[in-house]
Amino acid sequence: MSASLLLDRVTLRFGGLTAVSELTLSVAGQELVGLIGPNGAGKTTVFNLITGVYAPTAGAITFNGRPTARLKAPQLARLGIARTFQNIRLFGSLSVFDNVRAAVQLHRPHGIRDALWRGRGFRKAEEAVAGQVMEILDIFRLAKLRDEPATSLPYGDQRRLEIVRALATRPRLLLLDEPAAGMNPTEKLDLMKLIRFVKDKFQIAVLLVEHDMQVVMGICQRVAVLDYGVKIAEGTPDQVRSDPKVIEAYLGDDHED
Amino acid sequence: MQWFLQQLINGLALGSIYALIALGYTMVYGVLGFINFAHCDVLMLGAFAASFLAAPVARVLAPQSYCGAAVIILLAAGLCALIGMLIEFLAYRPLRRRPKLTVLITAIGVSLFLEFTCQHPAVFGAATRPFPKLIPQRDCQWRGLSFNTNDIGVLLVTVLLLVALWWIVRRTRIGVAMRAVSFNESAAALMGVNINRVISFTFALGSALAAVAGVFYAMRAPGIEPLMGVQPGLRAFTAAVVGGIGNLPGAALGGVLIGLLETFAGGIPGLSDYRDGIAFAILILILLFKPAGLLGKAQVEKV
Amino acid sequence: MIAGSRRWLLAALAAAFAVSWFSPHYNRYYLGVAMDVGIAVIMAVSLNLINGHTGQFSLGHAGFMAVGGFTAAKLTMLTSNAFFPLSLLFGGLMAACVGLIVGVPSLRLKGDYLAIVTLGFGEIIRVVFQNSQAFGAATGLTGIPKLTTLFWTWGAAAVTVYVVTSLVNSTYGRGFICVHDDEVAAAAIGVSPTRYKVTAFVVGAFFAGVAGGLYAHHKQVMQPDGFGFIRSIDFVVMVILGGMGRTAGVIAAAIVLTLLPEFLRVREFASYRMIIYSLLIIGLMMARPQGLFTFGKKSASSV
Chain A
1 MSASLLLDRV TLRFGGLTAV SELTLSVAGQ ELVGLIGPNG AGKTTVFNLI TGVYAPTAGA
61 ITFNGRPTAR LKAPQLARLG IARTFQNIRL FGSLSVFDNV RAAVQLHRPH GIRDALWRGR
121 GFRKAEEAVA GQVMEILDIF RLAKLRDEPA TSLPYGDQRR LEIVRALATR PRLLLLDEPA
181 AGMNPTEKLD LMKLIRFVKD KFQIAVLLVE HDMQVVMGIC QRVAVLDYGV KIAEGTPDQV
241 RSDPKVIEAY LGDDHED
Chain B
258 MQWFLQQLIN GLALGSIYAL IALGYTMVYG VLGFINFAHC DVLMLGAFAA SFLAAPVARV
318 LAPQSYCGAA VIILLAAGLC ALIGMLIEFL AYRPLRRRPK LTVLITAIGV SLFLEFTCQH
378 PAVFGAATRP FPKLIPQRDC QWRGLSFNTN DIGVLLVTVL LLVALWWIVR RTRIGVAMRA
438 VSFNESAAAL MGVNINRVIS FTFALGSALA AVAGVFYAMR APGIEPLMGV QPGLRAFTAA
498 VVGGIGNLPG AALGGVLIGL LETFAGGIPG LSDYRDGIAF AILILILLFK PAGLLGKAQV
558 EKV
Chain C
561 MIAGSRRWLL AALAAAFAVS WFSPHYNRYY LGVAMDVGIA VIMAVSLNLI NGHTGQFSLG
621 HAGFMAVGGF TAAKLTMLTS NAFFPLSLLF GGLMAACVGL IVGVPSLRLK GDYLAIVTLG
681 FGEIIRVVFQ NSQAFGAATG LTGIPKLTTL FWTWGAAAVT VYVVTSLVNS TYGRGFICVH
741 DDEVAAAAIG VSPTRYKVTA FVVGAFFAGV AGGLYAHHKQ VMQPDGFGFI RSIDFVVMVI
801 LGGMGRTAGV IAAAIVLTLL PEFLRVREFA SYRMIIYSLL IIGLMMARPQ GLFTFGKKSA
861 SSV
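Residue numbers (the working numbering), protein chains in the order written: chain A, 1 to 257; chain B, 258 to 560; chain C, 561 to 863.
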């Protein structure tokens with residue numbers, strides 16, 4: 001299950017303002033790549049470029065060779081790109097179980113007709129779905145909470161559920177948008193363990209956009225640094241940490257190290 | 258060409274009426290974020306108020322005089338301003354913190370309440386009653402075109418009111434407060450703006466304009482009846498959305514546009530039967546290409 | 561919920577048939593009311609799919625009813641009484657097509673804009689029928705054979721409830737609620753908001769069309785005027801009072817709101833009927849906006 005995301009000299013301009021400039025970035029196979037930068041560097045913009053919210057003014061973004069420019073979110077999901085959101089977006093009316101179930105339906109074999117007819121094939125398929133949902137909930141220790149309304153969970157669990165939901169779509173690439181936002185140190189450690197676990201168990205590539213240094217340096221194999229829309233450094237966490245350009249970009253900026 | 262100019266004036270007059278009503282819709286939407294369905298009934302109340310005031314005023318001043326008409330309109334507008342504020346205070350203020358849908362349904366309830374109460378035999382009754390002549394209606398000729406003084410009056414008064422509204426919104430403190438509240442209510446409150454007062458004022462203003470529109474509409478209509486506000490209300494509401502809801506110049510523009518299109522369509526044989534649907538057809542077409550309305554700003558949802 | 565199982569459907573159909581069998585013994589008037597209730601349930605549950613489950617605020621549902629009613633009535637009158645079941649089906653299909661046409665612009669619009677567009681479509685449909693000679697123009701169709709029975713109304717209601725419930729409770733159907741809760745998140749997991757919204761409109765419109773056909777062959781008259789904005793509001797109120805998304809509550813609301821005017825009529829509150837109705841709406845929104853018939857927490861996986 002290999003993935004390959006490539007941003008090839010991607011530029012995004014809003015009128016006179018250049019938000020992202022000549023960005024080349026790749027995430028392949030089962031890498032865990034981090035994207036960091038000071039506030040306003042354009043990290044979320046890059047994210048939005050990858051997920052199709054913005055279309056690049058120049059350059060190309062391809063996933064497994066396919067250009068993603070005109071694709072909408074459901075199509076990207078089908079291709080194998082899953083994402084989480086900076087502000088957790090769970091389905092408030094649904095239970096924990098159903099939040100994941102809704103994501104599993106991406107690969108279900110039956111559709112509206114079967115739902116109405118309710119023949120034996122349908123029942124079997126629904127049982128298989130339930131099985132898949134419980135399996136993944138079990139892995140992440142959320143099984144006991146299966147019938148709770150999703151938004152009644154504690155914050156850390158909600159974040160976990162959002163990641164689980166994304167994984168239920170069987171992606172090849174997982175995009176995490178500032179998952180550590182709003183977490184206390186204990187929760188952050190749990191999150192780091194979770195992300196490492198996800199990558200190993202599901203053998204997928206992960207692109208992590210994050211503001212928190214501890215999380216990024218702790219788990220990423222490779223880190224790219226953005227400043228004012230330009231990539232100023234890329235390498236292992238140690239290389240990046242000691243890069244003078246990176247230090248300068250963060251000078252005067254509040255960050256945890 | 259003559260036909261065209263004739264329809265143009267007609268259309269502008271009708272459009273002015275719609276514009277005045279549309280402004281009320283869009284102002285309330287701007288500060289409270291919901292569509293005040295009861296707005297169209299305020300215009301009906303304005304027309305009825307004027308019809309009851311006509312006789313007493315005529316006794317004091319001269320009957321069918323411009324002065325008398327102005328007094329009647331002012332009184333009706335004032336009365337409706339109070340009614341508008343009362344509606345807001347009783348029905349919408351208690352629901353300020355609730356989801357918009359709740360308030361929307363309540364507005365529908367208020368609208369139905371006003372309509373059916375007025376339809377009751379003990380109040381106005383459902384039958385159409387004639388509207389008294391407020392000003393002498395003269396037809397004058399100018400270069401082969403016949404003008405109706407009513408239409409001219411409507412146009413002039415509307416322009417006057419639009420200018421006055423522009424001045425209020427742009428140049429007075431309460432106007433600035435209105436705009437602040439429509440941008441960001443909590444920030445405005447933190448800046449010391451008295452939200453309740455601003456909202457009351459908005460309703461008063463919108464209702465007053467609706468009352469004036471109601472009187473003008475009644476002058477053109479065969480008579481007045483409790484449900485008379487529904488159709489013009491729907492057109493004006495459409496106009497507000499076309500112009501970009503929450504946008505004042507948009508509402509005025511939309512009103513004039515709808516009025517013109519409706520009048521021209523009415524003059525075309527075959528199309529005139531579909532008058533009621535024209536406004537909506539225009540709305541749907543415009544929203545298809547510009548989902549936020551003609552002058553509205555498209556809201557890109559930040560993820 | 562057992563409503564989604566085929567056994568329930570068969571039982572309900574059998575019960576409807578059995579009760580209907582003894583129709584000649586029932587009081588004519590109450591029989592008529594019972595059928596009215598059945599039709600209301602179909603309308604409310606079908607609208608609930610669009611408004612409640614999928615969260616699209618549609619204000620033109622009566623328009624679909626009109627399309628279905630006129631189509632079915634015309635077909636029966638052109639062919640024969642035996643054609644009745646097929647007429648109902650065709651009425652529903654025609655309405656479904658119109659639902660597709662309405663659903664497409666709805667994709668880009670949210671909240672209030674969507675509400676006004678659907679309202680507009682409803683009005684346009686009304687205007688089209690009002691001007692269509694084939695359907696009797698303003699007078700509408702009269703002399704429609706009385707073919708609707710208790711079995712047909714309650715049977716159709718059972719089918720509607722079954723379809724909507726089994727649809728929404730399936731893994732596929734969870735998508736409707738996802739679109740209601742958060743379109744962006746839904747799209748991110750592969751649930752296409754576009755597809756679900758259109759599906760909701762088409763399915764909802766289909767059943768509204770069937771209800772229209774039943775209505776036509778019950779009241780024996782189809783007048784365009786009766787299917788305007790006010791009629792649509794009737795059904796919206798049912799959905800709101802029933803708790804927006806809870807089928808059981810919506811059914812209860814449909815029953816109560818259909819019986820209530822009858823009750824008020826019988827007690828000689830006739831002239832105050834609609835006034836009380838509108839006050840009820842306002843009161844409910846103030847006191848219990850989550851719906852009258854919602855008890856206990858909204859459990860996530862229930863109907």
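All C-beta atoms, glycine included, are put in the ideal place defined by N, C-alpha and C.
Query	Result
C-alpha distance - residue 816 (chain C) paired with residue 589 (chain C), whole-angstrom precision	17 Å
Chain-ordered chain C contacts of residue 126 (chain A) [CB-CB under 8 Å]	730 and 731
Proximity winner among A:172, A:165, A:187 and A:184, relative to residue 738 (chain C) (alpha-carbon distances)	A:165
Same chain, Cβ closer than 8 Å to residue 86 (chain A), neighbours up to 5 away in sequence not counted	44, 177, 178 and 181
The segment 363–381 of chain B / the segment 471–486 of chain B touching (three or more Cβ pairs under 8 Å)	yes
Where the beta strand (DSSP E) through residue 18 (chain A) begins and ends	17–28
Buried or exposed (CB count within 10 angstroms, at least 16 for buried), residue 258 (chain B)	exposed
Own chain, CB closer than 6 Å to residue 735 (chain C), minus 5 neighbours either side, in chain order	751 and 756
Where residue 357 (chain B) sits in the DSSP three-state scheme	helix
Inter-residue Cα distance where the pair is residue 775 (chain C) and residue 538 (chain B)	28 Å
8 Å Cβ cutoff met for residue 835 (chain C) and residue 415 (chain B)	no
Residue 159 (chain A) to residue 35 (chain A) span [Cα, whole Å]	19 Å
Status (buried if at least 16 other CB within 10 Å, exposed otherwise) for residue 275 (chain B)	buried
Span separating the alpha-carbon of residue 545 (chain B) from that of residue 247 (chain A)	50 Å
Chain B within 8 Å of residue 821 (chain C), Cβ atoms only	no
Segments assigned alpha helix (DSSP H), at least 4 residues, entirely inside the segment 95–134 of chain A	96–104 and 112–117
Cα-Cα separation, residue 51 (chain A) to residue 76 (chain A)	7 Å
Residue-chain proximity (residue 85 (chain A), chain C), Cβ-Cβ < 8 Å	yes
Residue 343 (chain B) - DSSP class collapsed to helix/strand/coil	helix
Residues of the segment 516–536 of chain B with Cβ closer than 9 Å to any Cβ of chain C, in chain order	530, 531, 532, 533, 534, 535 and 536
3 or more residues per run - each beta strand (DSSP E) lying fully within the segment 152–228 of chain A	173–177, 205–209 and 222–227
Proximity test, Cβ basis, 8 Å: residue 677 (chain C) and chain B	yes
Cross-chain neighbours of residue 741 (chain C) in chain B, by beta carbon under 9 Å	Chain B residues near residue 741 (chain C): none, gap ~14 Å exceeds 9 Å.
Cutoff 8 Å: residue 749 (chain C) Cβ touching any chain B Cβ	no
Beta carbon proximity, residue 649 (chain C) to chain A, threshold 8 Å	no
Residue 725 (chain C) versus residue 362 (chain B) - alpha carbon distance	26 Å
Interface positions of the segment 368–400 of chain B facing chain C (Cβ-Cβ less than 9 Å), listed along the chain	368, 369, 370, 371, 372, 373, 374, 376, 377, 378 and 379
When A:157, A:245, A:223 and A:242 are compared against residue 24 (chain A), the one with the closest alpha-carbon	A:223
Proximal residues of chain C, C-beta to C-beta of residue 363 (chain B) below 8 Å	841, 842, 845 and 846
Below-8 Å beta-carbon distance, residue 98 (chain A) vs any chain C residue	yes
Three-pair Cβ contact test at 8 Å for the segment 577–591 of chain C versus the segment 625–642 of chain C	no
Interface residues of chain F facing residue 727 (chain C) [CB-CB closer than 9 Å]	This model lacks chain F altogether, as its protein chains are A, B and C.
Endpoints, the beta strand (DSSP E) within which residue 8 (chain A) is located	4–14
6 Å Cβ shell around residue 328 (chain B) - same chain, five flanking residues per side excluded	314
Sequence-distant residues of the same chain with beta carbon closer than 7 Å to residue 610 (chain C), five excluded per side	616, 618, 760, 761 and 764
Minimum Cβ-Cβ distance from residue 579 (chain C) to chain B less than 8 Å	no
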